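Heads up, the numbering used here is the position in the sequence shown plus 13, with the first residue counted as 1. Backbone N, C-alpha and C fix where the C-beta goes; we use that ideal spot for every residue, glycine too. Only a predicted model underlies this, so the values are computations on that prediction, with no experimental measurement involved.
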Amino acid sequence: MKIEVEKNDDRRVTTKTLTQMNFDERAEKYFSDMDWVQRDIWKLSEKYPSYSKEYCEIFSDQIPTVKYTASDRKVIDMNLKKVRRIMQGPFWLGEDYVVGGFWNERDTVRATLGRIFDTLAGKKCLEIGCMSGYQSFFLNLKKPEYYMAIEPSGFFYQTQFLNSIYRTDIDFRQWFWQDIPSSYNEFFDVVLNCGCLYHESDFVSMIRRTSELLRVGGEAIVATVVLKEESSSGYIKYMPEVYAGDMTYWFAIGEKSLMDLFESFGCQGKLLFNAGAPGDSGNGKTIEGYDTEFYNFYVFKKISSKSRPTITIPRY
């Protein structure tokens with residue numbers, strides 16, 4: 014069955030010119046949550062870290078030559094303020110505009126996803142949890158046939174702002190992973206689930222959904238927190254309420270458990286590389302004094318449409 018990619022969606026970015034962004038009451042609720050997190054939890058500075066434009070990736074061919082009018086600049090400044098501080102980055106918007114980078118993604122993404130993908134030509138891709146869209150814009154440079162990026166939080170509105178500048182064909186959606194319609198089952202050649210799994214309390218269902226969305230022969234790239242002790246490879250460790258200054262960790266998984274779970278849903282995996290230890294304060298401990306674990310990248314290839322039921326008693 015051929016699935017037609019949706020081209021018209023009320024939340025897909027279609028802006029062709031720089032215009033003032035207006036947000037409804039629903040969006041303002043998301044912004045209120047972002048204000049609390051950025052101010053009280055992350056304690057962000059009012060000023061972005063400083064990066065030169067030469068340091069930044071060029072996410073659109075027009076950026077090096079774009080010329081903004083005084084009116085354009087007023088709109089950009091107004092929209093930037095509305096979407097709150099951009100965590101990922103840095104993003105070069107053209108001329109002297111460089112924003113974001115509280116989390117410097119440039120070197121990290123080059124060393125991880127840049128290492129994994131030379132090209133995405135001819136591939137239909139899904140990114141789960143794209144935040145401000147840095148990885149999305151980076152992988153769009155690899156020329157995918159189609160790229161969907163979903164983000165449930167208020168950071169979605171930052172992707173709208175950024176794409177009003179870059180004007181890419183990335184299909185940004187404000188969806189939770191549970192919102193992805195069944196019409197996309199076995200549709201994607203590549204699914205990225207990076208930095209999301211350990212934040213999800215219902216992680217078994219998330220693994221199942223990630224697998225369902227892959228076509229047979231497709232690959233999921235999964236980056237997650239993994240227990241570093243080999244003796245614990247078959248276990249799953251519940252995380253404390255706050256770990257590495259973050260209240261949204263739920264668990265760290267042993268590598269064998271991760272492999273077994275994906276195999277239950279038709280995928281075979283292998284370790285790609287270790288990408289450090291999240292929250293390491295310099296001595297192998299988090300700021301709370303907990304042992305750090307590994308942050309690993311894996312690839313899981315779908316070899317069959319096998320799916321072990323997650324509910325063993327039917328609901329009639």
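Could you tell me the boundaries of the alpha helix (DSSP H) in which residue i lies?
| i | result |
| --- | --- |
| Phe169 | Phe169 to Tyr179 |
| Glu225 | Phe216 to Glu225 |
| Leu274 | Glu268 to Ser277 |
| Asn153 | Tyr147 to Asn153 |
| Tyr43 | Glu38 to Trp49 |
| Arg86 | Ala83 to Lys95 |
| Arg52 | Element bounds for Arg52: n/a, residue is neither H nor E. |
| Leu126 | Leu126 to Ile129 |
Using 8 Å as the threshold, is the C-beta distance between residue i and residue j below it?
| i | j | result |
| --- | --- | --- |
| Val239 | Ile266 | yes |
| Arg328 | Phe278 | no |
| Leu133 | Leu152 | yes |
| Asp202 | Cys138 | yes |
| Gly230 | Phe44 | no |
| Tyr251 | Thr299 | no |
| Leu226 | Ile129 | no |
| Phe200 | Gln187 | no |
| Gln101 | Ser145 | yes |
| Ala288 | Phe310 | yes |
| Glu140 | Lys241 | no |
| Ile71 | Pro77 | yes |
| Glu158 | Gly135 | yes |
| Lys315 | Arg228 | yes |
| Pro103 | Tyr81 | no |
| Met47 | Asn92 | no |
| Gly258 | Gly292 | yes |
| Glu118 | Tyr147 | yes |
| Ser224 | Phe185 | no |
| Phe115 | Leu57 | yes |
Just to check my reading of the structure: residue i and residue j have Cβ atoms closer than 8 Å, yes? What is that Cβ distance to the nearest angstrom?
| i | j | result |
| --- | --- | --- |
| Leu205 | Thr237 | About 12 Å; that fails the 8 Å criterion. |
| Tyr308 | Pro253 | In fact, because the Cβ distance is near 17 Å, the residues do not count as touching under 8 Å. |
| Glu232 | Phe313 | 7 Å |
In the DSSP assignment, the beta strand (DSSP E) including residue i goes from what residue to what residue?
| i | result |
| --- | --- |
| Lys241 | From DSSP, Lys241 is part of no beta strand (DSSP E); its letter is neither H nor E. |
| Leu31 | Leu31 -> no beta strand (DSSP E), and no H or E assigned at all. |
| Val203 | Phe201 to Cys207 |
| Val312 | Phe307 to Lys315 |
| Ile338 | Within the shown structure, residues of the chain are numbered from 14 to 329, placing residue 338 beyond reach of any answer. |
| Arg186 | Asp184 to Arg186 |
Any idea which residues DSSP pairs residue i with across the strands?
| i | result |
| --- | --- |
| Leu284 | Tyr311 |
| Cys138 | Tyr160 and Val203 |
| Trp1 | Not covered by the structure: residue 1. The range shown for the chain is 14 to 329. |
| Ile326 | Bridge partners of Ile326: none, in fact. |
| Lys298 | Asp304 |
| Ile234 | Leu205 and Val312 |
| Gly107 | Tyr110 |
| Phe364 | Outside the modelled stretch of the chain, which goes from 14 to 329, sits residue 364, for which no answer is possible. |
| Asp192 | Paired residue(s): none; Asp192 is not in a bridge. |
| Tyr256 | Asp259 |
Closer than 7 Å to a non-hydrogen atom of the ligand COA - does that hold for the CB of residue i?
| i | result |
| --- | --- |
| Met161 | By its list of ligands, the structure shown contains no ligand whatsoever, and the ligand COA lies outside what it can speak to. |
Is there contact between the segment 104-120 and the segment 217-229, where contact requires at least three CB pairs shorter than 8 Å?
no
Does the segment 245-262 come close enough to the segment 189-201 to have 3 or more Cβ pairs within less than 8 Å?
no
Within 8 Å, do at least three Cβ pairs link the segment 147-162 to the segment 174-182?
yes
Counting Cβ pairs, one atom from each stretch, are 3 or more of them under 8 Å apart for the segment 121-132 and the segment 88-98?
no
Per the contact definition of three or more C-beta pairs closer than 8 Å, is the segment 170-177 in contact with the segment 95-106?
yes
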